[in-house]
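Have a look at the structure below, then the notes.
Have a look at this one:
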């Protein structure tokens, strides 16, 4: 594990994610896992939460008696994760480069976390690492936002929140030519009676379904299935929210 490589750009998102975004995101995630993944795992199975963020998914899975390890590239995200899921093993690391001694019965990556991986070659590296981290017959479930989501919700949409000591706003812009979405983020923090402003631009990549399937196949996964959370699962009202589930089968 190369612990020196980290996503410090995402530290600024940690409080926003922990306090404002997470509940809406996990309203979809938990039902999907209960439908697609958890019925195929035994009690006490060891799950790797890749890009675990602030630990809310780990928290819910721990309540169901699974053993949880989480990896995230943001130290600030992991500070919240240690509060939210103190029984999980949490590791600072980059999804593109991790190599763990432990093996897992399942790996999950949810809430569009892998959209932050900006090149398909790097996405292939992530999938290779996941494949190597799984036990034989292990399961990988990952989530991506695809074209419908970016076209629907990244056309200058503005959101935000104001609190006594903190305020933030985001504006989402999508470029369909290069398939890149950008979050223009502004945060104000009250420090010693003075408001401090921070501006960040955070990018996401819109992958085609075919690119994701090809990268999974290249990594060695088989029995690959994909599900649209709205059209196929009837779980989400959000368009372009897609889940991929596949297996590590070792040839006899």
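Numbering (the numbering used here), first residue to last: 545 to 796.
Note that beta-carbon positions come from the ideal geometry of N, C-alpha and C, so glycine has one too.
With distances taken between CA atoms, residue 739 lies nearest to 712 out of 645, 583, 712 and 676. Just measuring C-alpha positions, the residue of 650, 689 and 729 sitting nearest residue 610 is 650. Just so you know, the alpha carbons of residue 721 and residue 698 end up roughly 14 Å apart.
With respect to the 8 Å criterion, residue 576 and residue 760 are not classified as neighbours on the basis of their beta carbons. For the set 571, 653 and 630, the Cα lying nearest the Cα of residue 595 is the one of 653. Partner residues in the beta bridge of residue 711, as assigned by DSSP, are 706 and 732. In the DSSP assignment, residue 687 falls within the beta strand (DSSP E) that extends over 678-689.
Residue range 753-763 is occupied by the alpha helix (DSSP H) that includes residue 762, with no beta strand (DSSP E) assigned at that position. Around the Cβ of residue 556, a 10 Å sphere holds 16 or more other Cβ atoms; the residue is buried.
Per DSSP, reduced to three states, the secondary structure at residue 625 is helical. DSSP, read as helix, strand or coil, puts residue 741 in strand. DSSP lists 727 as the bridge partner or partners of residue 746. Following the DSSP letters along the chain, one finds residue 652 inside the beta strand (DSSP E) bounded by residues 648-653. Around the beta carbon of residue 792, 16 or more other beta carbons sit within 10 angstroms, so the residue counts as buried. Annotation for residue 574: no beta strand (DSSP E) segment contains it, though the alpha helix (DSSP H) segment containing it runs 566-580. For residue 600, no beta strand (DSSP E) segment is defined; the enclosing uninterrupted segment is the alpha helix (DSSP H) at 600-607. Per DSSP, residue 769 is one residue of the beta strand (DSSP E) stretching across 766-772. Residue 696 is a Cβ neighbour of residue 783, given a cutoff of 8 Å.
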